[in-house]
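Residues in the sequence shown are numbered from 3 upward in steps of one, following the working numbering.
Note sheet for the following structure.
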Amino acid sequence: MSPAVALFLPSLAGGGAERVFVDLANQFSARGLATDLVLASAQGPYLAEVERQVRVIDLKAGRLIRALPKLVRYLRRERPAATLSGLDHANVVALLARDLSRVPSRCVISMRSVPSEVYSRAGSPRSRILLRFLRRTYRRADAIVANSQAVAADLERLLGPPLPPLHVVHNPIDLVRVDVRSREPLEHPWVASGAPPLVLAVGSLTPLKDFATLIRAFAILRRTHESRLVILGEGSERRRLEAECRAAGVADEVLMPGFASNPFSWMRRARVVVSASVTEGFPNATLQAMALGVPIVSTDAGGSPELLEGGRWGRLVPVGEPGPMAAAMAASLDAGPRADGRLRAAEFALDRIAARFLNILLPGETSA
Numbered sequence: 003m004s005p006a007v008a009l010f011l012p013s014l015a016g017g018g019a020e021r022v023f024v025d026l027a028n029q030f031s032a033r034g035l036a037t038d039l040v041l042a043s044a045q046g047p048y049l050a051e052v053e054r055q056v057r058v059i060d061l062k063a064g065r066l067i068r069a070l071p072k073l074v075r076y077l078r079r080e081r082p083a084a085t086l087s088g089l090d091h092a093n094v095v096a097l098l099a100r101d102l103s104r105v106p107s108r109c110v111i112s113m114r115s116v117p118s119e120v121y122s123r124a125g126s127p128r129s130r131i132l133l134r135f136l137r138r139t140y141r142r143a144d145a146i147v148a149n150s151q152a153v154a155a156d157l158e159r160l161l162g163p164p165l166p167p168l169h170v171v172h173n174p175i176d177l178v179r180v181d182v183r184s185r186e187p188l189e190h191p192w193v194a195s196g197a198p199p200l201v202l203a204v205g206s207l208t209p210l211k212d213f214a215t216l217i218r219a220f221a222i223l224r225r226t227h228e229s230r231l232v233i234l235g236e237g238s239e240r241r242r243l244e245a246e247c248r249a250a251g252v253a254d255e256v257l258m259p260g261f262a263s264n265p266f267s268w269m270r271r272a273r274v275v276v277s278a279s280v281t282e283g284f285p286n287a288t289l290q291a292m293a294l295g296v297p298i299v300s301t302d303a304g305g306s307p308e309l310l311e312g313g314r315w316g317r318l319v320p321v322g323e324p325g326p327m328a329a330a331m332a333a334s335l336d337a338g339p340r341a342d343g344r345l346r347a348a349e350f351a352l353d354r355i356a357a358r359f360l361n362i363l364l365p366g367e368t369s370a
């Protein structure tokens with residue numbers, strides 16, 4: 003039996019898009035749809051979370067560009083009714099593969115970030131080449147899904163008309179899974195009874211997450227508030243951020259333990275969760291913390307103000323300014339109860355968001 007839906011990604015490395023695609027694949031399968039998760043390379047920490055009913059297709063391609071001929075062969079052999087891809091490189095490969103295969107499979111691509119922000123900040127020849135490919139290939143999609151209004155508006159400006167049907171579907175959250183995993187034991191002295199308040203951030207250690215500004219803000223916060231900072235994630239900026247901690251005099255109060263397969267147990271024990279990003283499509287970590295009722299401080303970047311509804315569900319601060327960020331963190335530590343973010347997070351429940359994706363992937367199907 004041909005799969006109803008194939009989801010294509012480079013791998014299941016620990017990023018936001020990978021988290022979303024695993025959740026969607028599991029949900030599609032739970033609804034009775036034959037679902038393939040097609041990976042250029044079947045590796046990454048989220049691989050263990052794929053349900054048994056989802057068929058994992060390992061193209062064993064290594065580099066993503068080498069996946070193109072193998073994806074063409076997969077499409078010709080399996081002939082899925084629809085393909086959903088995520089991340090820009092994978093979107094380009096998915097569209098090229100569909101065209102080369104000549105299989106009448108509906109091809110939907112998803113945008114997970116604000117493209118002009120990402121590529122202007124990268125500024126490399128490679129990023130400029132990819133941007134040209136985006137402009138040439140994205141119009142060939144049957145539909146485009148943006149995970150926030152900010153992403154959709156930027157894509158419209160970047161590509162210009164004519165565009166395929168453009169839909170805004172926010173990232174989903176598995177509310178039950180987040181709650182259950184947040185209650186798992188966490189053995190660390192920084193979360194023991196009587197420990198100083200914990201400030202938490204989650205994300206890859208890359209320039210776009212701007213944890214350097216967060217560290218500077220935390221150093222300001224420490225002048226008036228005893229506290230500790232944990233940053234969960236891994237990436238190219240580790241050494242720079244460790245040097246930033248030493249320069250700011252907070253090396254002993256900042257912990258960067260790397261990627262955490264269960265960040266939710268940390269979130270439940272945090273007094274405030276901070277997003278310092280210079281750009282965001284739709285921030286998964288912020289949404290997850292909201293689902294646990296944790297106070298939020300976030301830069302007003304990309305889709306973050308959209309999620310927080312202009313500050314209703316958390317404190318918004320300017321990008322790259324440690325002073326306002328420190329003040330917002332202090333206010334969060336000092337304040338009493340605010341609007342309960344769990345109410346907002348419930349709007350993005352996995353079953354609701356999965357149904358919207360299926361209406362785009364398989365329009366007119368009763369299973370959606």
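All C-beta atoms in this analysis are idealised placements derived from N, C-alpha and C, irrespective of residue type, glycine included.
Being a predicted model, the structure only gives us computed values, none of them experimental.
- The three-state reading of DSSP puts Pro-187 in coil, since its state is none of H, G, I, E or B.
- Pro-167 and Asp-144 have their C-alpha atoms spaced approximately 7 Å apart.
- Between Leu-352 and Asp-90, the gap from beta carbon to beta carbon reaches 8 Å or more.
- The C-beta separation of Glu-186 from Asn-264 comes to about 6 Å, placing the pair in contact by the 8 Å criterion.
- About 6 Å separates the beta carbons of Leu-41 and Ser-13, which is inside the 8 Å limit, making them a contact pair.
- Residue environment for Ser-115: buried (at least 16 other C-beta atoms within 10 angstroms of its C-beta).
- Less than 8 Å separates the beta-carbon of Pro-199 from that of Leu-335.
- Residues Ala-148, Gln-151, Ala-154 of the same chain have their beta carbon placed closer than 6 Å to that of Val-170, with the five preceding and five following residues left out of the count.
- Around Ile-362, the same chain offers Val-110, Ala-145, Val-147, His-169 as residues with beta carbons nearer than 7 Å, after the five sequence neighbours per side are excluded.
- Sequence-distant Cβ neighbours of Trp-315 in its own chain, meaning closer than 7 Å and more than five residues away, are Met-292, Ile-298, Ala-341, Gly-343, Arg-346.
- Annotation for Gly-260: the continuous beta strand (DSSP E) segment containing it runs 256-260.
- Per the Cβ contact rule, the stretch 229-246 is in contact with the stretch 193-211 (3 or more Cβ pairs under 8 Å).
- Residues Leu-35, Ala-36, Ala-83 of the same chain have their beta carbon placed closer than 6 Å to that of Ala-6, with the five preceding and five following residues left out of the count.
- Ile-175 sits away from Leu-310, with the two beta carbons spaced by 8 Å or more.
- With a contact defined as Cβ atoms closer than 8 Å, Ile-222 and Gly-325 qualify at about 7 Å.
- Going by DSSP, Ala-356 is part of the alpha helix (DSSP H) stretching over 352-363.
- Here Ala-330 has Val-299, Arg-317, Val-319 as same chain residues with Cβ atoms under 6 Å from its own Cβ, once five neighbours each way along the sequence are excluded.
- Under the criterion of beta carbons closer than 8 Å, Leu-73 and Leu-61 qualify as touching, at roughly 7 Å.
- When C-alpha distances from Glu-20 are compared across Ser-4, Arg-33, Ala-32, Ala-44, the shortest belongs to Ala-44.
- A distance below 8 Å separates the beta carbons of Leu-243 and Ala-214.
- Per DSSP, Thr-215 is one residue of the alpha helix (DSSP H) stretching across 213-223.
- Within a 10 Å sphere around the beta-carbon of Pro-307 sit 16 or more other beta-carbons, which makes this residue buried.
- Going by C-alpha positions, Arg-137 is about 46 Å away from Gly-251.
- Boundaries of the alpha helix (DSSP H) harbouring Thr-288: 286-293, taken from the DSSP string.
- The shortest CA-to-CA distance from Arg-81 to any of Leu-66, Arg-354, Ala-99, Gly-16 is the one to Ala-99.
- Take Gly-322, set aside five residues on each side of it, and the residues of its chain with a beta-carbon closer than 6 Å to its own are Thr-215, in chain order.
- When DSSP states are grouped into helix, strand and coil, Arg-57 belongs to the strand group.
- Only exposed fits Asp-101, as fewer than 16 other CB atoms lie within 10 angstroms of its CB.
- The three-state secondary structure of Asp-38, taken from DSSP, is strand.
- Judged by DSSP in its simplified three-state form, Ser-112 adopts strand.
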